[in-house]
Amino acid sequence: MCGRFVDPNLRGTEFEHSEIKIAPFPRRFNVKPTEDVLIFAKEPLEVMVARWGLIPSWHKGELRDWKASTFNARIKEAKDKPTFRQVWRHGRCLIPSGGYFEWTGAPGAKQPHFVSSAGNEETLWFAGLASRWRGLLTCTMMTRAATPEMAWLHPRMPVILNAEERDAWLAGTDDAELGAHVQLHQHEVARFGLHDDGPQLIEGSG
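Position one of the sequence shown corresponds to residue 1 (the working numbering), numbered consecutively onward.
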């Protein structure tokens, strides 16, 4: 799964100037569910801001009434789940990230790890689904079983797409094995609190 991640650094990429079209926010190193995140969707790709935590369009109550945990969705199950199946075909999006956090150890003494790209491209592109609820754009991040290299850290991980897989995801593929060959690096970082932020959060603890 993924419950915290780092905003992407899009400088030097083809998406460098995308934020000009929206109200930019400072780069964050501790993005949490219910906060606004950048997503890319449509054809050609267009940058948007969405609330992390999908609210289906059919939800009748107020925002505070939606209690389900929908910041992650399992790629093998989403198309059949009532919350996600409506946007499975027409709500595909990409969520760019500079990396994400995972924790190991016992409750109360958990050790955070920062997971980032081990390849040439710094940005990790998560598969996502987006839904508009009463004018509010919301999104969820797809997860899959962890790769053998990452399973010791957590049994699940985000679906991280290479360039070819990004095109396939946006085109509507049902392939649940996307992200199987991603190469990642991880290192331990110092423990941090819910509201802590800044680049020091991703620096090695050793």
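Cβ coordinates follow ideal geometry from the N, Cα and C atoms, glycine included.
The structure displayed is predicted, hence computed values, not measured ones.
| Check | Outcome |
| --- | --- |
| Quick check on the DSSP output: the beta strand (DSSP E) that includes GLU122 runs from which residue to which? | Neither: GLU122 is in no beta strand (DSSP E) and is coded neither H nor E. |
| Between ASN30, HIS113, THR173, which lies nearest to GLY128 when the distance is taken from Cα to Cα? | THR173 |
| Assuming the contact rule is C-beta atoms closer than 8 Å, LYS79 and ARG85 should be a hit. Round their C-beta distance to whole Å, please. | 6 Å |
| For GLY193 and ARG4, what's the separation of their Cα atoms in angstroms? | 12 Å |
| State yes or no: is the C-beta of ALA50 within less than 8 Å of the C-beta of ARG92? | no |
| Is TRP215 helix, strand or coil by DSSP? | The first residue shown for the chain is 1 and the last is 206, placing residue 215 beyond what the model contains. |
| Thinking just about the alpha-carbon of each residue, which of ALA190, VAL31, GLY179 is nearest to the one in HIS113? | ALA190 |
| Starting from the Cα of LYS60, find the closest Cα among ARG74, HIS154, THR83, VAL47 and give me that residue. | THR83 |
| Terminal residues of the continuous beta strand (DSSP E) containing VAL49? | 46 to 52 |
| At least one CB of chain B closer than 8 Å to the CB of GLN111: is that the case? | The structure shown has no chain B; it contains just one protein chain. |
| Can you name the residues that DSSP bridges to ALA106? | According to DSSP, ALA106 bridges with nothing at all. |
| THR140 and PRO8 look like a contact to me (Cβ under 8 Å); what is the Cβ gap, rounded to whole Å? | THR140 to PRO8, Cβ: 18 Å. No contact. |
| Using a Cβ-Cβ cutoff of less than 6 Å, which residues in the same chain neighbour GLU165 once the five nearest sequence positions on both sides are dropped? | LEU178 |
| Indicate whether SER116 and GLY99 have their beta-carbon atoms separated by less than 8 Å. | yes |
| Is VAL159 near SER97, with beta carbons less than 8 Å apart? | no |
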